[in-house]
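Just so you know, the numbering used here puts 96 at position 58 of the sequence shown, and the rest follows in order with no gaps. Built from N, CA and C at the ideal position, the CB exists for glycine as well. Since the structure is predicted, the reported quantities are computational estimates derived from the model, not experimental observations. Read the structure below first, then the notes.
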Amino acid sequence: MRSYPAWSKRDDWQQWNKLGIDNPSEESQDFKNKTMHFGYHGTAYSIVTRERDGIETNTHMDFQLLENGEEVFAISCEVVYDDYMTWYRPVDVKAFKRRGNWASMLVQLFAKKQLESEKSSANFRARMASDIKQRFAE
39 MRSYPAWSKR DDWQQWNKLG IDNPSEESQD FKNKTMHFGY HGTAYSIVTR
89 ERDGIETNTH MDFQLLENGE EVFAISCEVV YDDYMTWYRP VDVKAFKRRG
139 NWASMLVQLF AKKQLESEKS SANFRARMAS DIKQRFAE
């Protein structure tokens, strides 16, 4: 979803909107603090990220989810830098509210993301197999 605000300005946005979110936009206070707004099934959501330096060389990232402007979930993570990627190790849950549609939204979007990833992988494997067959046919 990180790229959705930029992609939404493209003419072919609907082709890239695999998750079916509405009106993605981004605010950036600075390099370490960002807010992404989007709609999903008529509800307004915001994801707020705040990067902060920890003790010694550790970096932490706080993630906050707002539903219609109200904080419903917040988590603090340690940022782990690997040779090939960056990932986040959960450290603490800061907020968790039972009411609202946010949990259902997360599950639905995660399922859509998994399905799209699987379809993309299958298409890639099919293209590679086709290329190999074509090379051997020549």
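Return helix, strand or coil for residue 89, following the three-state DSSP convention.
What you label residue 89 is simply residue 51 of the sequence shown in a count that begins at 1. Reduced to three states, the DSSP call for residue 89 is strand.
For the beta strand (DSSP E) that residue 136 lies in, which residues bound it at each end?
Mapped onto the sequence shown, residue 136 falls at position 98. Counting along the chain, residue 136 falls outside any beta strand (DSSP E), and DSSP gives it neither H nor E.
Using the three-state DSSP reduction, which class does residue 60 fall into: helix, strand or coil?
As a working mapping, residue 60 is identified with position 22 in the sequence shown. Strand at residue 60.
DSSP state of residue 155 mapped onto helix, strand, coil
Locating residue 155 in the sequence shown gives position 117, where the first residue counts as 1. Three-state DSSP puts residue 155 in a helix.
Mapping DSSP to helix, strand and coil, what is residue 84?
Taking the first residue of the sequence shown as position 1, residue 84 is located at position 46. Here residue 84 sits in strand by DSSP.
Distance, Cα to Cα, residue 62 vs residue 175?
In the sequence shown, the residue the question calls residue 62 occupies position 24. In the sequence shown, the residue the question calls residue 175 occupies position 137. Their Cα atoms are separated by approximately 46 angstroms.
For residue 174, which three-state DSSP category applies?
By 1-based counting over the sequence shown, the position of residue 174 is 136. Annotated three-state conformation of residue 174 is helix, per DSSP.
Of the listed residues 128, 143, 96 and 70, nearest to residue 87 (C-alpha basis):
For the purposes of this step, residue 87 is taken as the residue at position 49 of the sequence shown. Ranking the options by Cα distance to residue 87, first place goes to 70.
Since I believe residue 130 is in contact with residue 155 (beta carbons under 8 angstroms), could you give me their beta-carbon distance rounded to a whole number of angstroms?
Looking up residue 155 in the sequence shown gives position 117. Looking up residue 130 in the sequence shown gives position 92. Contact check for residue 155 and residue 130: beta-carbon distance about 28 angstroms, past the 8 angstroms limit, so the pair fails to qualify.
Taking just the CA atoms, how far does residue 160 sit from residue 116?
To locate residue 116, count along the sequence shown from 1; it is residue 78. To locate residue 160, count along the sequence shown from 1; it is residue 122. Going from the Cα of residue 116 to the Cα of residue 160 covers about 33 angstroms.
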